[in-house]
Amino acid sequence: MTDAPQGRLGRQLLAEAELHWQLTIEETELQPDGALTAIAVVEGTPLLPPTQAELHVPPFVQPAATVSIEALTVDSSGAAFIQLKQTPTEITPGSTLYAAECGLREH
-15 MTDAPQGRLG RQLLAEAELH WQLTIEETEL QPDGALTAIA VVEGTPLLPP TQAELHVPPF
45 VQPAATVSIE ALTVDSSGAA FIQLKQTPTE ITPGSTLYAA ECGLREH
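Residue numbers (my numbering): -15 to 91.
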């Protein structure tokens, strides 16, 4: 029996791609308790919260800050509502969140 059309290496690559996601911030609102709520567009399959994310703020200077996504709701259109704890104040529309796990390991 032969492998599926993607082959063994292709299936492994697809499995790793499932771990990648990004959230692009469209709107933000700071809450009285210091949390930040945001509307974002999701690409990929984000992990269930709580999870760590790298925050990339335009003009995307390194190093990226790490934030904690405490709540995440995504609808079928890819729109997401997120809640972040202990966020830096410079998060703005156009900022992007990536899985922090990706920055910690080599692909």
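Think of the CB as a built atom: it goes at the ideal place given N, C-alpha and C, for glycine as much as any other residue.
Around the beta carbon of Leu14, fewer than 16 other beta carbons lie within 10 angstroms, which makes this residue exposed. A check of alpha carbon separations from Leu31 across Ile53, Gln46, Gly62, Pro16 identifies Ile53 as the nearest. In this chain, the beta strand (DSSP E) harbouring Ala49 covers 49 to 58. Between Val51 and Ala64, the beta carbon gap of about 14 Å keeps them out of contact (Cβ cut-off 8 Å). Judged by DSSP in its simplified three-state form, Gly28 adopts strand. Looking only at Val41, Leu56, Leu81, the smallest Cα-Cα distance to Pro33 is reached by Leu56. Under DSSP, His40 forms a beta bridge with Thr80.
Rounded to whole angstroms, the Cβ separation of Leu7 and Leu81 is 4 Å, and the two are in contact under 8 Å. Inter-residue distance for Ala24 and Gly(-9) is about 35 Å (C-alpha atoms, whole angstroms). Where Glu13 is concerned, the enclosing beta strand (DSSP E) starts and stops at 5 to 14.
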